[in-house]
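If you're matching positions, the sequence shown starts at 1 in the UniProt record's numbering and goes up one per residue.
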Amino acid sequence: MRRYDLDWLRVIVFALLIFYHVGMFFVPWGWHVKNNVIYDWLRWPMMFLNQWRLPILFVISGMGTYYALGKRSWGKFVLERFLRLGIPLVVGMILIVPPQVYFERLADGEFSGSYYQYFTTIAFKGVYPEGNISWHHLWFLPYLLVFSWILSPIFFYLRKHNTRFIDWVKRMIQKTWGIYMFVIPLYFVESLVEPFFPITHALVDDWFNFIFSIILFFYGFVLIATGEAFWETLARIKYKALALGIIGFTGQLIIWLFFEDGYVIHFTEAMLKVVNIWSWILVLFAYAAQYLNRPSKGIAYANRAVYPFYILHQTITVGIGYYLMNLDWGFVPKAFILIVGTFGISWLIYDLIILRIPFLHPLFGLKGKKKTPAG
């Protein structure tokens, strides 16, 4: 049975990614191009969104892997993951990401020629940030590809056999707070690994992000393997999870605003953070299951479009931002232009170009057209 709520969640979270990257233009944190006026207040909703938006995508991806392995052999799955993730990554690094680096070099005064001059001279010299070769916002794809390959033998075995492990997970999550046992490994990684490995998105040296994300990916597969037990648990615990999510993020805000870092604060904040992340993931799954698990033409279209939108969007945001950054306009008109421009131009490229040229479909991760939304 198809889970349309998972389709909706995937679309909603990727749409939030566009809003998040528009926000990066205005907040104090470093980004590729920055507005001439920084709005410090915006970092608080950004920090709330930032904590769970990528973790839930890794969980959803693990769930999708469970369904994918139901129809494929192990070998076909490994190949399909490369075609679905590897090819768009390479295409993105050659065609989509270079304009972002170009605009950043222009903004920083490190290059002054045309894009053609940039592309034909230094675009593929050296690795970013010292050089220019990068996967930028597409970092999610190599991580997901590596996770899929590493865990595929385990996933294939769990998918094809009734195991004691899945039975044990099913029994645990049916207990009152059993589903919060998933927080324990996340807590140890957050408290003991994160201080030594800042997030780089470079794959090879990004140990905290790598371990934390692959655990969430594994969780997605395991939870969906428990069948109805998971969805029944969500319906039962959603109000408690919502309360814990509010408490978790409020506790973090109090620490950020009023306390200096130290051992006690570090381990306390780590617990609040992972409880916050896991709680909002559960809340989103629970309410999506209650209200969004139904087919529609809208989700059929949006679910197919979301991958090309993800590939395209940040280049468009950075490009528009470069031409807005030094204008003496307020936050509202600039944010409006960035949001509408990013969604609108992404849609035009997708609907008028990518969809109409079958050769481009695999380059942007599109499968063949189906009567139901792409899985």
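A virtual CB, placed ideally from N, CA and C, is assigned to each residue, including glycine.
Next on the checklist: Can you give me the C-alpha to C-alpha distance between Asp167 and Ile60, rounded to a whole angstrom?
Outcome noted: 21 Å
Next on the checklist: What does the Cβ neighbour count give for Met1, buried or exposed, with the cut at 16 atoms within 10 Å?
Outcome noted: exposed
Item to check | Beta-carbon proximity list for Val27, same chain, < 8 Å, skipping 5 on both sides | outcome: Ile38, Tyr39, Asp40, Leu42, Arg43 and Met46
Item to check | Own chain, CB closer than 8 Å to Val283, minus 5 neighbours either side, in chain order | outcome: Lys238, Ala241, Leu242 and Gly245
Next on the checklist: Among the candidates Gly298, Trp207 and Thr317, whose CA atom is the shortest distance from the CA of Tyr143?
Outcome noted: For Tyr143, the closest alpha carbon among the candidates Gly298, Trp207 and Thr317 is that of Trp207.
Next on the checklist: Are the CB atoms of Ala123 and Val169 within a distance shorter than 9 Å?
Outcome noted: no
Item to check | Classification of Thr372 by the beta-carbon crowding that lies within 10 angstroms, buried from 16 upward | outcome: Because Thr372 carries a pLDDT of 41, less than 50, the predicted location of this residue cannot be relied on, and no value is offered for it.
Item to check | Integer-rounded CB distance, given that Ile215 should sit under 8 Å from Val189 | outcome: That pair is a contact at about 7 Å.
Item to check | Residue burial classification, Lys370 (beta-carbon count within 10 angstroms, cutoff 16) | outcome: In this prediction, Lys370 scores a pLDDT of 49, lower than 50, which makes its location untrustworthy; the coordinate-derived value is nonetheless stated afterwards. Exposed, since its Cβ has fewer than 16 Cβ neighbours within 10 Å.
Checklist entry - Does the stretch 118 to 135 touch the stretch 90 to 108, meaning 3 or more C-beta pairs lie closer than 8 Å? => result Because the criterion of three Cβ pairs below 8 Å is met, the stretch 90 to 108 and the stretch 118 to 135 touch.
Next on the checklist: Would Tyr4 pass as an interface residue toward chain D - the criterion being a Cβ-Cβ separation below 9 Å?
Outcome noted: Annotation note: the requested chain D is absent from the structure, which comprises a single protein chain.
Checklist entry - Who are the near neighbours of His313 in its chain, counting only those whose CB is closer than 6 Å to its CB and skipping five residues on each side? => result Taken in chain order, the residues that qualify are Ile18, Thr342 and Ser346.
Next on the checklist: To test your reading of the DSSP string, which unbroken alpha helix (DSSP H) runs of 4 or more residues are found completely within the stretch 45 to 85?
Outcome noted: 74 to 81
Checklist entry - Residues in its own chain within less than 7 Å of Ala374 by CB, not counting five upstream and five downstream? => result Confidence at Ala374 is low in this model, with a pLDDT of 37, below 50, so the placement of that residue should be treated as unreliable; the coordinate-derived value is given next. For Ala374, where only same-chain residues beyond five positions count, the Cβ hits under 7 Å are Asn303, Arg304 and Lys367.
Checklist entry - Does the Cβ-Cβ distance between Thr250 and Val22 come in under 9 Å? => result Taking a C-beta distance under 9 Å as the contact criterion, Thr250 and Val22 do not qualify as a contact pair.
Checklist entry - Are at least three pairs of beta-carbons, each pair with one atom in the stretch 271 to 283 and one in the stretch 318 to 332, less than 8 Å apart? => result With contact defined as three or more Cβ pairs closer than 8 Å, the stretch 271 to 283 and the stretch 318 to 332 are not in contact.
Item to check | Contact the stretch 283 to 300 vs the stretch 5 to 17: 3+ CB pairs below 8 Å | outcome: yes
Checklist entry - According to DSSP, is Ile133 helix, strand or coil? => result strand
Item to check | Which listed residue (Arg236, Asn293 and Leu85) has its alpha carbon closest to that of Trp177 | outcome: Arg236
Checklist entry - Who are the near neighbours of Tyr4 in its chain, counting only those whose CB is closer than 7 Å to its CB and skipping five residues on each side? => result Leu292, Asn293, Arg294, Pro295 and Ile299
Checklist entry - By how many angstroms is the C-alpha of Trp231 removed from the C-alpha of Gly248? => result 23 Å
Item to check | Distance between beta carbons of Arg72 and Leu145, contact taken as under 8 Å | outcome: Going by Cβ atoms, the distance from Leu145 to Arg72 rounds to 16 Å, so no, they are not a contact pair.
Item to check | Between the CA atoms of Leu85 and Ala202 - distance to the nearest angstrom | outcome: 16 Å
Item to check | Residue environment, Thr163, which counts as buried when at least 16 other CB atoms sit within 10 Å | outcome: exposed
Checklist entry - DSSP state of Val127, grouped into three classes? => result strand
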